[in-house]
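Protein chains in written order, with numbering that gives the first Met the number 0: chain E, 0 to 497; chain W, 0 to 340; chain R, 0 to 343.
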Amino acid sequence: MSQTANVLEIKDLVKDFPSVRAVNHVSFDIKRNTIHCLVGENGAGKSTLIKVLTGAMLRSSGALLLNGEEYWPHSTRDAKEKGISTLFQELNVVDQLTVAENLTLGMEDTRFGFLRATDKISAMVSVMNSLEPSIHPKMLVSRLSVAQKQIVEIAKAVATESDIIIMDEPTAAISEGEIKRLFTIVKGLREKNVTVIYISHRLDEIFEIGDYVTVMRDGRHIGTKPVSEVGDRSELIRMMIGKTVFEQYTPKAQACKDPLLVVRNVSNHKLHDISFDVHEGEIVGFYGLVGAGKTELARAIYGVDEYRGEIRFKDRRLSPSPDKAIQAGIALVPEERRSQGLFTVLTIRGNVPVMNMKKISRSGFVNASQERKVTREYIDKLRISTSSTEKEAAKLSGGNQQKVVFAKCLFADADLLMLDEPTRGIDVGAKSEIYGIVRRLSEEGKSILIFSSELPEIMNICDTIHLLFDGRLKATLRNGCDIDNEHVLHIVTGGDAP
Amino acid sequence: MSADVPAPRKTVLAGVSNETFLTFFMIGVLVVLFAVACLFVPNFYLLQNIINLFSNYWFVIILGIGVTFLLITGNFDMSVGGVVALTGVLSVWFCQGYNVSQNALANGLGLPYGAAVALALAGALCIGAVNAFFIARLRVPSIIVTLATMMVARGIAQVITRGAQRNTSLPDVFGVIGNTFIPGTSVKIAVLIMVLLVAAAYVVEKKTVVGRRTYLIGANATAARLSGIRVSGHLALLYMVSALLAGVTGILLASEYKAGLSSRAMGYEFDALVISLLGGVSIAGGFGSVLGMFVGAIILAVVTSSATGLLLPPDWQFTLKGIVTFIAILAQRFALDRRKG
Amino acid sequence: MRKMEQSLQARLERSKATRAAIKNFYIYVVLVLIVAVFSVVKLGQVDFFGRGHFLSPDSIVNLLRMAVPILTLSGAFTLLMISGYIDLSVGSAMSLSAVVFALMILNGFPFALALPLTLVLGIAFGVLNGLLVMKLRITPVIATLVTLNLFKGIALLIVPRGTSAIKSTALQKMPAWINDYARRDVLLGLPAAFYVAVAVIIILVVVQRRTILGKYAAAIGGNRTAAELSGINAVKYVWILYVIVGLFAALAGTARASYMSLGDPLSGDGMELDNIIAVLLGGTAFSGGEGSVAKTVVGAIIIMCVTTGLMTVIPAFWQVFAKGTVLIVAVALNHLLVREKTAA
Numbered sequence: 000m001s002q003t004a005n006v007l008e009i010k011d012l013v014k015d016f017p018s019v020r021a022v023n024h025v026s027f028d029i030k031r032n033t034i035h036c037l038v039g040e041n042g043a044g045k046s047t048l049i050k051v052l053t054g055a056m057l058r059s060s061g062a063l064l065l066n067g068e069e070y071w072p073h074s075t076r077d078a079k080e081k082g083i084s085t086l087f088q089e090l091n092v093v094d095q096l097t098v099a100e101n102l103t104l105g106m107e108d109t110r111f112g113f114l115r116a117t118d119k120i121s122a123m124v125s126v127m128n129s130l131e132p133s134i135h136p137k138m139l140v141s142r143l144s145v146a147q148k149q150i151v152e153i154a155k156a157v158a159t160e161s162d163i164i165i166m167d168e169p170t171a172a173i174s175e176g177e178i179k180r181l182f183t184i185v186k187g188l189r190e191k192n193v194t195v196i197y198i199s200h201r202l203d204e205i206f207e208i209g210d211y212v213t214v215m216r217d218g219r220h221i222g223t224k225p226v227s228e229v230g231d232r233s234e235l236i237r238m239m240i241g242k243t244v245f246e247q248y249t250p251k252a253q254a255c256k257d258p259l260l261v262v263r264n265v266s267n268h269k270l271h272d273i274s275f276d277v278h279e280g281e282i283v284g285f286y287g288l289v290g291a292g293k294t295e296l297a298r299a300i301y302g303v304d305e306y307r308g309e310i311r312f313k314d315r316r317l318s319p320s321p322d323k324a325i326q327a328g329i330a331l332v333p334e335e336r337r338s339q340g341l342f343t344v345l346t347i348r349g350n351v352p353v354m355n356m357k358k359i360s361r362s363g364f365v366n367a368s369q370e371r372k373v374t375r376e377y378i379d380k381l382r383i384s385t386s387s388t389e390k391e392a393a394k395l396s397g398g399n400q401q402k403v404v405f406a407k408c409l410f411a412d413a414d415l416l417m418l419d420e421p422t423r424g425i426d427v428g429a430k431s432e433i434y435g436i437v438r439r440l441s442e443e444g445k446s447i448l449i450f451s452s453e454l455p456e457i458m459n460i461c462d463t464i465h466l467l468f469d470g471r472l473k474a475t476l477r478n479g480c481d482i483d484n485e486h487v488l489h490i491v492t493g494g495d496a497p
Numbered sequence: 000m001s002a003d004v005p006a007p008r009k010t011v012l013a014g015v016s017n018e019t020f021l022t023f024f025m026i027g028v029l030v031v032l033f034a035v036a037c038l039f040v041p042n043f044y045l046l047q048n049i050i051n052l053f054s055n056y057w058f059v060i061i062l063g064i065g066v067t068f069l070l071i072t073g074n075f076d077m078s079v080g081g082v083v084a085l086t087g088v089l090s091v092w093f094c095q096g097y098n099v100s101q102n103a104l105a106n107g108l109g110l111p112y113g114a115a116v117a118l119a120l121a122g123a124l125c126i127g128a129v130n131a132f133f134i135a136r137l138r139v140p141s142i143i144v145t146l147a148t149m150m151v152a153r154g155i156a157q158v159i160t161r162g163a164q165r166n167t168s169l170p171d172v173f174g175v176i177g178n179t180f181i182p183g184t185s186v187k188i189a190v191l192i193m194v195l196l197v198a199a200a201y202v203v204e205k206k207t208v209v210g211r212r213t214y215l216i217g218a219n220a221t222a223a224r225l226s227g228i229r230v231s232g233h234l235a236l237l238y239m240v241s242a243l244l245a246g247v248t249g250i251l252l253a254s255e256y257k258a259g260l261s262s263r264a265m266g267y268e269f270d271a272l273v274i275s276l277l278g279g280v281s282i283a284g285g286f287g288s289v290l291g292m293f294v295g296a297i298i299l300a301v302v303t304s305s306a307t308g309l310l311l312p313p314d315w316q317f318t319l320k321g322i323v324t325f326i327a328i329l330a331q332r333f334a335l336d337r338r339k340g
Numbered sequence: 000m001r002k003m004e005q006s007l008q009a010r011l012e013r014s015k016a017t018r019a020a021i022k023n024f025y026i027y028v029v030l031v032l033i034v035a036v037f038s039v040v041k042l043g044q045v046d047f048f049g050r051g052h053f054l055s056p057d058s059i060v061n062l063l064r065m066a067v068p069i070l071t072l073s074g075a076f077t078l079l080m081i082s083g084y085i086d087l088s089v090g091s092a093m094s095l096s097a098v099v100f101a102l103m104i105l106n107g108f109p110f111a112l113a114l115p116l117t118l119v120l121g122i123a124f125g126v127l128n129g130l131l132v133m134k135l136r137i138t139p140v141i142a143t144l145v146t147l148n149l150f151k152g153i154a155l156l157i158v159p160r161g162t163s164a165i166k167s168t169a170l171q172k173m174p175a176w177i178n179d180y181a182r183r184d185v186l187l188g189l190p191a192a193f194y195v196a197v198a199v200i201i202i203l204v205v206v207q208r209r210t211i212l213g214k215y216a217a218a219i220g221g222n223r224t225a226a227e228l229s230g231i232n233a234v235k236y237v238w239i240l241y242v243i244v245g246l247f248a249a250l251a252g253t254a255r256a257s258y259m260s261l262g263d264p265l266s267g268d269g270m271e272l273d274n275i276i277a278v279l280l281g282g283t284a285f286s287g288g289e290g291s292v293a294k295t296v297v298g299a300i301i302i303m304c305v306t307t308g309l310m311t312v313i314p315a316f317w318q319v320f321a322k323g324t325v326l327i328v329a330v331a332l333n334h335l336l337v338r339e340k341t342a343a
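The structure is reproduced here in structure tokens:
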């Protein structure tokens, strides 16, 4: 069977969710044995597209042709069997086994249950040698670095004769030297009859290893070009952000006050020497793409993760634990509302008072009517659409769930609220309601920190904007003055500040 | 019983939480079992027998309180039986006359009853603290730790009693609390204590911050931590309380029999677990109630006393408990699945 | 800057290596320590001819004979724990097998028939456990506690307490040869049952290191998602492991019955705890993925040393306390030295 020129053809693909069309009639081709990059801001539809390709989700309509044949995967196993392997951020290697054992996992040759070292097995193991000789097949994977584990996963995909390897932000967690090594290997994959779909927001990388690049925006396909025909980063950036008009932002009068939160030289496994101040009533945005360190920074301030450096709140050192942070007056709306922010099996009433039980209880006893009253208050204040306080949190829509998490944090009477991706996966209506809530809070004198990868959101309400890339605070902007969106994107994708 | 727990559903028992639904379900099971037992077991329906159902099991129910709370958070406590034995033995030993006899087993520390009880309970708390340290702090799986502490506790009891028991040279006051009856009945006040403790536990569960935190931790430990709950501190508290409850049980039993047996309460930890499971407490997540555990205890009482009434040898209980627990787990799962749709 | 990173990296590597080395060897250190301690302690019991010494051939033979059940069982138990699952019913499974086996022998079954039949029973135990845990997805602890009581109950039904365990009555005598399997000297003073146990251990070591079952057990325990993504059927393989545990529990039961020449429904009590201690000492992680049959065997020897050593040194009523303390120490050691896999 001769191989088609295009390993994968995407034709008019559509993926709908109840409130949004995430992938909107996307069509493009991926040529065989190339490195095909996929770029776009958060919410552009990249991850949904990948999920459909890998069988994690079913498409709503459209066609996929893999090697010229109809391709309709129903599970990630399906996709793997058909030759599409994926490297996720969560590594899928078994630490306790050796490299060779991982490479051959699920594909062993046996006789009466005994593992045999056949030619096929040796061939699979030798893939490792051809990719990266310094990783010996007998090494225990637990002793390898993250970068090396990635290479093992790549080797496994090659050894199992995958046609396509999808790499999702592979360089987010590895060092510069390791990135260079990874690129050498990735480039070599073309000679091994493997096509790479490379997703990254680090635009320099696109120019370094990409053969083709596809830009997506708002669920649509904007363009696919050979990288050689792309002029420079700015051209890509322009394609990525289009002509988004941001809502009018009204600059606030900045009173001269002592800062509420002082962060100095904070570093940990992810962050590098971050310093900034936050004043009362200020809305500070932290913008960056995947792997920039936003969540890590929030967690460090909140006391969940360790760090070196100093964080002072209300002129006192913060103790590194969430309960102390809450007592001091900081509350966090976590990134994953379902697994981190909510108690999904409990009702709204069970969720709201959790961070400040003292207010609805006396000497340890919960005042049930007070609890109900308070829950009702917040349902009204935040306009959570539900008929009763007794609705199970799991049954609420994403927007309403997020509002419940908000209510939780507001109830904690925090002076500083940290919001990590506050409107992810929420419909437009709920989004603007949440922005309204944030503005109101700031008028009441509360400070808000917003960690987000959605630029419109940041531009919409933040007074001060910090740009993060790779754990570093690269630039700080004041909103209200002319902000060049291209410049912003340039920085968060690894460009240097002028 | 409007607690802060799950969904209103549009089914027969609409507007009622999953937990309440299960409790009613198990009450239904209880009624059915009782009816069946009345048919097959002679004299089962007599009032005295019904009273016995409640009062013969009081010690397992008290133990069940601690076990239920911990199970709600997803942890086991298998050390309670050992702690019961230990505290009983300690209370006897501390109270026995000092140097009154040639027989070493008849000599104790000669302390007044109150002090002996207090120190014995302190001993129970020590075991609880060991549990708390390994489980809450070091995060070692609770099943292993509590099996180990069970052995240590019972082991200490065995050492003190040289493998047998201590029952001599005790002041009269020792036997008072365990042998007093509720005036006008043949029911010991230990049963009353049990009822009061269960009621108190229920109040704690549904109406106090401590109770809420227990459910929160069981429902989602990560979210609990991010919401400012000190999870390991809370778990430590629960283990100490569980040990304390076991200690109280040990004191009462020792007083009732005026003896400290190293073999007391063997297997009670499993019984406590069984009645919690029968009552619908789920290890999977923030779900269950001491009230359910109480119902579960009655169910178990019906089953075991039916076995006795049918003149089955006592060792039948192991098989019965195993089968009953298994059926209960499946039945509860089935009932909840059907409820969801 | 880069140099500093490199030297830090090197130091991290070295400490990882030392850690691994300690992990590998501490168990032998413990073994030597225990033997030394007991040798010294029991010196007081050595008579003029040097008999009774802890390391005397007689005493070693005795220890190994008593170790037969745990040696038979702990290998399979380790494999199961490597996959991340546990079986608390092994003790009762062993007792029930002992009872059934003794019953058969008493009723005239030849050894060659009674043994295989008992093994089939053990397989049935494993099938049941696997069904509850893997198919019905009941938490392993709860499921195997249920079967623990079930097996125990059935054993007690066959041999009610109070009646003596199945052994010779006035009318029926247990044949004298029943002892042979577990007691009669076949080689070096050790009985056939011992060599069977040794064979079992060797087989299981090979299974762990060279067969697909061993590899998949580690894969499932190490990272179940990755294993299933690679096409491994976790339900099937763990079920097989439960069956194997049941099988060897039954084999251990026959050895115990043979040794005691009776079927005691409580003979296996505590076996699960002994196994857990052996496995913990052997460096198996609780969450699975790591472990070694060979090292568990060393752990089993250690616990047998402690048990037999203590038996003559301290009065019987100290045993339970001693065992509990050993378990706590094993837990602490395991916690310090074995890194549990971080939540997947």
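For glycine and all other residues, C-beta sits at the position ideal for the given N, C-alpha and C.
If you drop the 5 nearest sequence neighbours on each side, which residues of the same chain put their C-beta closer than 6 Å to that of W/V116?
-> Once the five neighbours on either side are set aside, the close Cβ partners of W/V116 are S90 and I250.
Please specify which runs of the alpha helix (DSSP H), each continuous and at least 4 residues long, are wholly inside the segment 190-240 of chain R, giving them in chain order.
-> Whole alpha helix (DSSP H) segments, 4+ residues: 191-209, 211-221 and 223-228.
Do the segment 118-128 of chain R and the segment 242-250 of chain R make contact, defined as three or more Cβ pairs closer than 8 Å?
-> With contact defined as three or more Cβ pairs closer than 8 Å, the segment 118-128 of chain R and the segment 242-250 of chain R are in contact.
At least three beta-carbon pairs within less than 8 Å, the segment 368-382 of chain E to the segment 295-305 of chain E = No contact exists between the segment 368-382 of chain E and the segment 295-305 of chain E.
From which residue to which residue does the alpha helix (DSSP H) around E/L202 run?
-> In the DSSP assignment, E/L202 falls within the unbroken alpha helix (DSSP H) covering L202 to I208.
Report back the beta-carbon spacing between E/Q149 and E/I134 to the nearest angstrom; my notes put them in contact at under 8 Å.
-> Taking 8 Å as the upper bound for CB-CB distance, E/Q149 and E/I134 are not in contact here, some 11 Å apart.
Using a beta-carbon distance cut-off of less than 9 Å, what residues from the segment 313-326 of chain E approach chain W?
-> Taking 9 Å as the Cβ-Cβ cut-off, the segment 313-326 of chain E approaches chain W at S320, P321, D322, K323, A324, I325 and Q326, given in chain order.
Measure from the C-beta of R/F76 to each C-beta in chain W and report whether the shortest distance is under 8 Å.
-> So, not an interface residue.
Just the chain E side, please: which residues come within less than 8 Å of W/K206 by C-beta, in chain order?
-> Chain order gives the chain E residues near W/K206 as F364, V365 and A367, where near means a beta carbon separation below 8 Å.
Proximity test, Cβ basis, 8 Å: W/G227 and chain E = Yes, W/G227 counts as interfacial toward chain E.
Kindly list the residues whose CB is nearer than 7 Å to the CB of W/T248, restricted to its own chain and excluding five residues on each side of it in sequence; keep chain order.
-> Taken in chain order, the residues that qualify are F58, I61, L62 and V83.
With DSSP collapsed to three states, give me the class of W/K320.
-> Correct three-state label for W/K320: helix.
Are any of the Cβ atoms in chain E nearer than 8 Å to that of R/S229?
-> Under the Cβ distance rule, R/S229 counts among the residues neighbouring chain E, one pair being separated by less than 8 Å.
Cβ neighbours of E/N23 in the same chain (closer than 6 Å, five flanking residues each side left out) | Excluding positions up to five away in sequence, the list reads G218 and R219.
Give a yes or no on whether the minimum CB-CB distance between R/I275 and chain C is below 8 Å.
-> Protein chains in the displayed structure are E, W and R, and chain C is not among them.
Closer than 8 Å, CB to CB, is W/N219 near chain E or not?
-> So, interface residue.
Specify, as a first and last residue, the run of the alpha helix (DSSP H) that E/R438 falls within.
-> If you look at E/R438, you'll find it in the alpha helix (DSSP H) that goes V427 to E442.
Counting only the same chain and skipping the five closest in sequence on each side, list residues whose C-beta sits under 8 Å from that of E/R316.
-> Around E/R316, the same chain offers E309 and I310 as residues with beta carbons nearer than 8 Å, after the five sequence neighbours per side are excluded.
Mind checking whether W/A345 and W/I126 have CB atoms under 8 Å apart?
-> One cannot answer for residue 345 of chain W here, as it falls past the ends of chain W, which runs 0 to 340.
Please state whether DSSP places E/K256 in a helix, a strand or coil.
-> The answer is coil: DSSP assigns E/K256 none of H, G, I, E or B.
When the cut-off is 8 Å and only beta carbons count, does R/T324 lie next to chain W?
-> Judged by the 8 Å Cβ criterion, R/T324 is in contact with chain W.
Straight-line gap, W/T179 to W/L252 (C-alpha atoms, nearest Å) | Using only the alpha carbons, I get a separation of about 12 Å.
Anything in the segment 62-77 of chain E with a Cβ closer than 9 Å to a Cβ of chain R? List those residues in chain order, please.
-> Residues T75 and R76.
Using the rule of at least 16 other Cβ atoms within 10 Å of the residue's Cβ for burial, across every protein chain shown, is E/F111 buried or exposed?
-> The residue is exposed, with fewer than 16 neighbouring Cβ atoms inside 10 Å.
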